[in-house]
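Chemist: Starting off with a structure, shown below.
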Amino acid sequence: MAGSLTQPLDRVQPGIALLPVTTRARMRAFVDLPYRLHREEAHWIPPLRRDERRRLSPAHNPFWNHARADLWLARAGGRVTGRIAAIEDRLYNERQGESITWFGFFEAEDRATAAALLTAVEQRAREWNSRVVRGPVNPSLHDSAGLLVDGFDTDPYILMPYNPPTYPSFVEEAGYRKVKDLLAWAMDLSKPAPERVTRLASRVVRRNGLKVRTVDLGAFDRDLAILHQIYRAAWDDNWGFVPPTDAEIQRLAADLRPILDPELVLFVELAGRPVACSVALPDMNQVLKLMNGRLLPFAIVHFLRRRRIIDQTRLLMLGVLPDVRRLGLYPLLMAESHRRAIERGYRRGESSWTLEDNAAVNAGIEALGGRRSKTYRLYEKPVG
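Residue 6 is where the sequence shown starts when you use this note's numbering, and the numbers rise one by one after that.
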């Protein structure tokens, strides 16, 4: 998946060798590195190694049908000290009219390692005729994205990243500047939504004759297609949005279906027409934290037992068709999701992520009692 650089980087950072990930052994080292670097981090959640391997595999992840990547390991003093990927997403560049190489899967023990890795991506970006390096994404904005810059004192929720507090300074010292902040909001599910929000939600339903229903697992493919259609239309004008392909949606659904709580996947219908939807997930990070990245038989048993007492949920998607946004469906979906989560026994939640400048959605979350809890930052640097 990676090729050699045209210029040796030891001239930039003496004593650091960059190894292209071209063998199974190096890919294994690439996947395993975070488990060593962060094993003492109290709030790092080890993802399943199987899932990490599949995320990087063209055979398992359809993202790579329209993207390419080069991966490197940094080695110093006889051991691996960092990793990074240079990623070119052709669909993104075509839709956005940009020429961007993304960096992702970034890990570094120290500033020198970080500088060497980022220099490698910048060199590759120039070879790919890109004008900007942006990131991190792992490997796209539809996956985990951004560097955590505040909120280091709590665990991340499902599918959200975590990094040590040093990483933002590593990137900034290499010449990168903020391009966009992605926000996470803590939700208190130990008490009902504010009365003014629930009254508004009830009024929206009555006034427009709306029906709110949950996902139908017996017609899952139909509802998945509806969700995809709403998501594409609702997010079309958002910064950086590129619609996921059908294959990418199918892969995500296959990954998430086993952990869905159907009561937290909602559709709003107007005169029988689906016009809005939301998806919240049980926070499986409460289980993954105990597994250390390995899905072994005893871990599966523990997972099944533990799943019953997961008490956190993440609201990860809201979508309202553009022609009905004036009806007030965002607060309706938020209030309904909040109410149903409480009924299902969840005590805490997170709404994430939202764009820092999405004023309408952010105001709705705040009206529901949401408190800004984490900020994930995307950086960029001109290279051409």
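For every residue, glycine included, the Cβ atom is placed at its ideal position computed from N, Cα and C.
1. Only counting runs of 3 or more residues, tell me where the beta strand (DSSP E) segments fall wholly within the stretch 307-388, in order along the chain.
2. Give me the DSSP bridge partner(s) of Ile254.
3. Quick check: Ala198 and Glu355, are their CB atoms within less than 7 Å of each other?
4. What is the rounded straight-line gap between the Cα of Asn290 and the Cα of Ile50?
5. Quick check: what's the CA-CA separation for Val329 versus Leu320?
6. Comparing C-alpha positions only, which one of Gly180, Asp251, Arg131 and Val36 sits nearest to Glu57?
7. For Thr203, does the three-state DSSP call read helix, strand or coil?
8. If you measure between the beta carbons of Thr80 and Leu38, is that distance less than 7 Å?
9. Can you say whether Gly223 is buried or exposed, counting buried as having 16 or more other CB atoms within 10 angstroms of its CB?
10. Take Asn134 as the anchor and find which of Val184, Pro161, Tyr351 and Asn98 has the nearest alpha-carbon.
11. Please report the straight-line C-alpha distance between Arg278 and Glu46, rounded to a whole angstrom.
12. Rounded to the nearest angstrom, what separates Ala368 and Ala191 at their Cα positions?
13. Can you name, in chain order, every residue of its own chain whose Cβ lies under 7 Å from the Cβ of Asp288, other than the five neighbours on each side?
14. Could you pull the start and end residues of the alpha helix (DSSP H) that Thr124 belongs to?
15. What separation, rounded to the nearest whole angstrom, lies between the Cα atoms of Met339 and Ile370?
16. For the candidate residues Leu78, Asn66, Pro336 and Ser104, whose alpha-carbon lies nearest to that of Gly245?
17. Go ahead and pull the three-state DSSP assignment for Arg44.
18. Starting from Pro287, trace the beta strand (DSSP E) in both directions and tell me its first and last residue.
19. By DSSP, does Ser145 sit in helix, in strand, or in coil?
Modeler: This is what the structure holds:
1. 317-325, 353-360 and 376-387
2. Stepping through the sequence shown from its first residue, residue 254 is reached at position 249. BP columns for Ile254 are empty, so no partner.
3. Here residue 198 corresponds to residue number 193 of the sequence shown, with the count starting at 1. Here residue 355 corresponds to residue number 350 of the sequence shown, with the count starting at 1. No, these two residues do not count as a Cβ contact at 7 Å.
4. Translated into the one-based positions of the sequence shown, residue 290 becomes position 285. Translated into the one-based positions of the sequence shown, residue 50 becomes position 45. Going by the C-alpha atoms only, they are around 7 Å apart.
5. Your numbering for residue 329 matches position 324 in the sequence shown. Your numbering for residue 320 matches position 315 in the sequence shown. Cα-Cα distance, rounded: 21 Å.
6. Taking the first residue of the sequence shown as 1, we reach residue 57 at position 52. The shortest Cα separation from Glu57 among Gly180, Asp251, Arg131 and Val36 belongs to Val36.
7. As a first step, residue 203 is located in the sequence shown; it is residue number 198 there, counting from the start. In the structure shown, Thr203 sits in a helix (DSSP, three-state: H, G or I).
8. By one-based count along the sequence shown, residue 80 stands at place 75. By one-based count along the sequence shown, residue 38 stands at place 33. Per the sequence shown, residue 80 should be read as Arg rather than Thr. No, the pair does not count as a contact, with Cβ atoms beyond the cut-off.
9. By one-based count along the sequence shown, residue 223 stands at place 218. Exposed is the call here.
10. On the sequence shown, residue 134 is found 129 positions in, with the first residue counted as 1. When only C-alpha atoms are compared, the closest one is Asn98.
11. Walking along the sequence shown from the start, residue 278 turns up at place 273. Walking along the sequence shown from the start, residue 46 turns up at place 41. The alpha-carbon atoms of Arg278 and Glu46 are separated by roughly 47 Å.
12. Here the question's residue 368 lines up with position 363 in the sequence shown. Here the question's residue 191 lines up with position 186 in the sequence shown. Computed Cα separation, rounded: 14 Å.
13. Sequence index remark: in the sequence shown, residue 288 carries index 283 (1-based). For Asp288, where only same-chain residues beyond five positions count, the Cβ hits under 7 Å are Tyr162, Ile163, Ile315, Gln317, Thr318 and Arg319.
14. Along the sequence shown, read from residue 1 onward, the residue named residue 124 stands at position 119. Looking at the DSSP string, the run of the alpha helix (DSSP H) that includes Thr124 is Arg116 to Glu132.
15. To locate residue 339, count along the sequence shown from 1; it is residue 334. To locate residue 370, count along the sequence shown from 1; it is residue 365. Cα to Cα, the separation comes out at about 7 Å.
16. Residue mapping note: residue 245 aligns to position 240 of the sequence shown, counting from 1. Nearest option by C-alpha distance: Ser104.
17. Taking the sequence shown and counting its residues from 1, one reaches residue 44 at position 39. Arg44: coil per DSSP, three-state reduction.
18. Stepping through the sequence shown from its first residue, residue 287 is reached at position 282. Element bounds for Pro287: Arg278 to Pro287.
19. Numbered from 1 along the sequence shown, position 140 holds the residue referred to as residue 145. Coil.
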